[in-house]
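Participant: Below are the structure tokens for one structure; questions will follow.
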Amino acid sequence: MKRYLTVLQQKKKVIRKKILERRALLNSAILNMAEKSAAEQLASTEDYRASKTIMLYMNFRNEVPTGSIINNIRYSGKKLVLPYTNKEFEIIPYEIPLAGELKDYLVRSRFGVLEPDPSLCKEANVNSIDLVVVPGSVFDITNNRIGYGKGCYDRFLSKLPASVYKIGLAYDFQVLPSVPTTQTDVKMNEILIIETNIMKKKTSHA
């Protein structure tokens with residue numbers, strides 16, 4: 001059965017496509033600097049320092065890289081939680097054991113994203129999560145977010161306690177003055193912005 005998009009959904013689709021096409025053009029030098037910048041910015045926030053359990057994403061297709069953040073979390077002794085998406089596009093949080101290497105606990109999903117192996121990791125209690133770092137395709141200056149069209153994160157985030165702090169990670173060109181939203185879209189508490197224009201100048205002089 002063909003699925004017809006509402007006017008708002010169509011607007012989201014157009015905006016998403018435009019921004020993701022631009023994101024796809026980022027080179028490895030900018031991605032490396034973005035990874036460092038994201039880790040430094042997050043580590044400087046009070047909510048990160050106060051959190052004992054942090055849920056993060058495994059970056060995919062030029063999302064802001066999270067490798068350094070993950071290393072920082074594991075080395076600090078904080079608990080790391082990563083998302084597993086089932087066939088119904090529901091996100092299930094899994095806690096990653098501190099022992100051993102991260103790669104030993106991950107598997108590749110049907111979409112190519114690295115996820116926790118449910119047979120090796122235990123499902124995390126959502127009430128124990130203090131901070132969630134969220135990916136997205138587009139954000140705006142009032143902390144609204146557009147995801148990738150499946151509603152996975154919106155459904156998951158809506159089930160979390162109100163006390164859980166939500167931070168979006170975005171490149172500067174992903175943050176617009178405003179984006180179309182619905183009542184089911186979950187806002188971030190904060191967005192950490194990675195300045196790519198500065199990075200481009202640095203790489204051009206390298």
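Note that this note's numbering has the sequence shown beginning at 1, numbered continuously upward. Where a beta carbon is used, it is the ideal one built from N, C-alpha and C, also for glycine. Nothing here was measured: the structure is a model prediction, and the numbers come from that model.
(1) So, helix, strand or coil for R22, using DSSP?
(2) Among E101, N144, G112 and T53, which residue has its Cα nearest to the Cα of T182?
(3) Pick out the complete beta strand (DSSP E) segments inside the stretch 69-141, 3 residues or longer, and give them in chain order.
(4) S109 and E101: beta carbons closer than 9 Å?
(5) Could you tell me which residues DSSP puts in a beta bridge with R145?
(6) I believe V133 touches I167 by the beta-carbon criterion, under 8 Å. Please report the beta-carbon distance rounded to the nearest angstrom.
(7) Taking buried to mean at least 16 other C-beta atoms within 10 Å of its own C-beta, is T6 buried or exposed?
(8) Output the boundary residues of the alpha helix (DSSP H) element that contains L192.
(9) Residues in its own chain within less than 6 Å of V126 by CB, not counting five upstream and five downstream?
(10) Roughly how many whole angstroms lie between the Cα atoms of K150 and A162?
(11) Taking only the alpha-carbon atoms, compute the straight-line gap between A43 and R49 and give it to the nearest angstrom.
(12) What residue from V138, F156 and Y165 has the CA that sits closest to V14's CA?
Facilitator: Here's the rundown:
(1) On the sequence shown, position 22 is the one that residue 22 refers to. Looking at R22 - three-state DSSP - the assignment turns out to be helix.
(2) Here the question's residue 182 lines up with position 182 in the sequence shown. Ranking E101, N144, G112 and T53 by Cα distance to T182 puts N144 first.
(3) 79-85, 91-96, 106-108, 114-116, 131-134 and 138-140
(4) Mapped onto the sequence shown, residue 109 falls at position 109. Mapped onto the sequence shown, residue 101 falls at position 101. No.
(5) For this step, residue 145 is matched to residue 145 along the sequence shown. R145 pairs with F139.
(6) To locate residue 133, count along the sequence shown from 1; it is residue 133. To locate residue 167, count along the sequence shown from 1; it is residue 167. 5 Å between Cβ atoms; contact.
(7) In the sequence shown, the residue the question calls residue 6 occupies position 6. Exposed: under 16 other Cβ atoms inside 10 Å.
(8) Translated into positions along the sequence shown, residue 192 becomes position 192. Counting along the chain, L192 falls outside any alpha helix (DSSP H), though it belongs to the beta strand (DSSP E) covering E190 to I194.
(9) The sequence position of residue 126 within the sequence shown is 126, counting from 1. Only L160 meet the Cβ criterion.
(10) Locating residue 150 in the sequence shown gives position 150, where the first residue counts as 1. Locating residue 162 in the sequence shown gives position 162, where the first residue counts as 1. The straight-line gap from Cα to Cα measures roughly 22 Å.
(11) Against the sequence shown, residue 43 aligns to sequence position 43. Against the sequence shown, residue 49 aligns to sequence position 49. Using only the alpha carbons, I get a separation of about 7 Å.
(12) Indexing the sequence shown from 1 puts residue 14 at position 14. Of V138, F156 and Y165, the residue nearest in Cα terms is V138.
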